[in-house]
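*Asks:* Could you have a look at this structure, given as structure tokens, before my questions?
Right, dumping it as structure tokens:
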């Protein structure tokens, strides 16, 4: 049986490490812009190609590293890039029987402008004929980034969950899913067991200016998700379980980041992998920052993903202040 079936787009990331650039922000450190000299030749330090990434692909690899049976439902073109992505998935023990190859189309390829520890990603999603098709019921579906023409497959996922109530849903919306909005995806929100986003995405989803994380989580839960998890960069992460009214805060696992791509995917997929392994949400929240910490020590979203043994070792060696804190609701 498949423990986690991840559904979402796959891509290759080409990391271009910039050394001659500037970042300009508003006085409140928001609306930052990456700037280079216009019309000039800009030197770069290095270029690194990372295959078979993307939110859902990262989640499938994360689950496999943690000892689960994972599969990926995704679309790619019949090109060399697609073949390389497929081989990378197989190397990482991800089941590929639900990979759909469309002739005459290109596999997604993104450019990552890497400056200091952060990145700006140039994205272009190929238009695929998204269709859920005939799938075996997994323990969990992990739904994340899909193109803006994917409304149909979201409806199919909701229908599948209605017919297969034993399958649970994790939803981590990507760029276009956030753009579609909660109303367009209300059937998905209604069926979601665990929802993931960062603080800015929470405000965007709710069209809210509130900075109170608990309020935002409660409002997100009102859309349907049973558990809501909101990450807040180096400030840690919050979770709210509507079933028992409990809320938690987990700090960042101490580290100095090298390159930040994939931290959110590592966090979210680790929570779901822990739950799929039969662990409680409290243990899942202790696991997640550790995998996120490890990922940002490497280039790209997958190289730093840990095995269960290494993750538990980090947890055993955690500093005394790395604790899950229950917040009074």
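In our numbering, the protein residues as written are 4 to 332.
Positions of the beta carbon are idealized from the N, C-alpha and C atoms, including for glycine.
For clarity, every value in this text was computed on a predicted model and none was experimentally measured.
Taking the alpha-carbon positions, what's the residue 91 to residue 71 distance?
*Replies:* The alpha-carbon atoms of residue 91 and residue 71 are separated by roughly 17 Å.
*Asks:* Looking only at its own chain, which residues have a Cβ that is under 6 Å from the Cβ of residue 67, when we skip the five neighbours before and after it?
*Replies:* The residues are 73, 95, 96, 97.
*Asks:* Ignoring anything shorter than 4 residues or poking outside the region 74-107, list the alpha helix (DSSP H) runs there in chain order.
*Replies:* Listed in chain order, the complete alpha helix (DSSP H) runs (minimum 4 residues) inside the region 74-107 are 83-94.
*Asks:* Using C-beta distances below 8 Å, list every residue in its chain close to residue 101, excluding the 5 sequence neighbours before and after it, in chain order.
*Replies:* Hits under 8 Å: 8, 74, 75, 76, 77, 136, 138.
*Asks:* Chain C beta carbons: is any one of them nearer than 8 Å to that of residue 20?
*Replies:* Here chain C cannot be found, since the structure has a single protein chain.
*Asks:* If distances are taken between C-alpha atoms only, which option among 182, 148, 140, 32 comes closest to residue 165?
*Replies:* The shortest Cα separation from residue 165 among 182, 148, 140, 32 belongs to 140.
*Asks:* Between which two residues does the alpha helix (DSSP H) holding residue 208 run?
*Replies:* That run of the alpha helix (DSSP H) goes 202-209.
*Asks:* State the Cα-Cα distance for the pair residue 222 and residue 202, rounded to the nearest angstrom.
*Replies:* One C-alpha to the other measures close to 13 Å.
*Asks:* In terms of DSSP beta bridges, what is residue 18 paired with?
*Replies:* According to DSSP, which records beta bridges pairwise, residue 18 is partnered with 51, 115.
*Asks:* Cβ of residue 152 within 8 Å of Cβ of residue 129?
*Replies:* Not closer than 8 Å, so no.
*Asks:* Is the Cβ-Cβ distance between residue 145 and residue 59 less than 8 Å?
*Replies:* Yes. Within cutoff.
*Asks:* So for residue 121, helix, strand or coil by DSSP?
*Replies:* Here residue 121 sits in strand by DSSP.
*Asks:* Could you give the DSSP three-state label for residue 242: helix, strand or coil?
*Replies:* If DSSP states are grouped into helix, strand and coil, residue 242 belongs with the strands.
*Asks:* Compute the distance between the beta-carbons of residue 231 and residue 266, then report whether it is under 8 Å.
*Replies:* Their beta carbons are not under 8 Å apart, which means residue 231 does not touch residue 266 by this criterion.
*Asks:* From the DSSP output, read off the bridge partner residues of residue 1.
*Replies:* Limits of the chain in this structure are 4 at one end and 332 at the other, which puts residue 1 out of reach.
*Asks:* Given this structure, state the Cα-to-Cα distance separating residue 177 from residue 148, to the nearest angstrom.
*Replies:* Rounded to the nearest angstrom, the two C-alpha atoms are 4 Å apart.
*Asks:* Any idea if residue 261 is buried or exposed, counting beta-carbon neighbours within 10 angstroms, 16 or more meaning buried?
*Replies:* By the 10 Å Cβ count, residue 261 comes out exposed.
*Asks:* Among residues of its own chain, excluding the 5 on either side of residue 288, which ones have a beta-carbon nearer than 7 Å to its beta-carbon?
*Replies:* Cβ neighbours of residue 288 beyond the five flanking positions: 242, 251, 253, 274, 327.
*Asks:* Quick check on residue 231: does DSSP put it in helix, strand or coil?
*Replies:* Strand at residue 231.
*Asks:* Per DSSP, which residues does residue 190 bridge with? Please list them.
*Replies:* Beta-bridge pairing links residue 190 to no other residue.
*Asks:* Using only the alpha-carbon positions, how far apart do residue 39 and residue 169 sit?
*Replies:* Between residue 39 and residue 169, the C-alpha separation is close to 51 Å.
*Asks:* Secondary structure at residue 216, three-state DSSP: helix, strand or coil?
*Replies:* Three-state DSSP puts residue 216 in a helix.
*Asks:* Would you give the residue range spanned by the beta strand (DSSP E) that residue 250 belongs to?
*Replies:* 249-253 is the span of the beta strand (DSSP E), which, as asked, contains residue 250.
*Asks:* DSSP three-state label for residue 157, please.
*Replies:* Reduced to three states, the DSSP call for residue 157 is helix.
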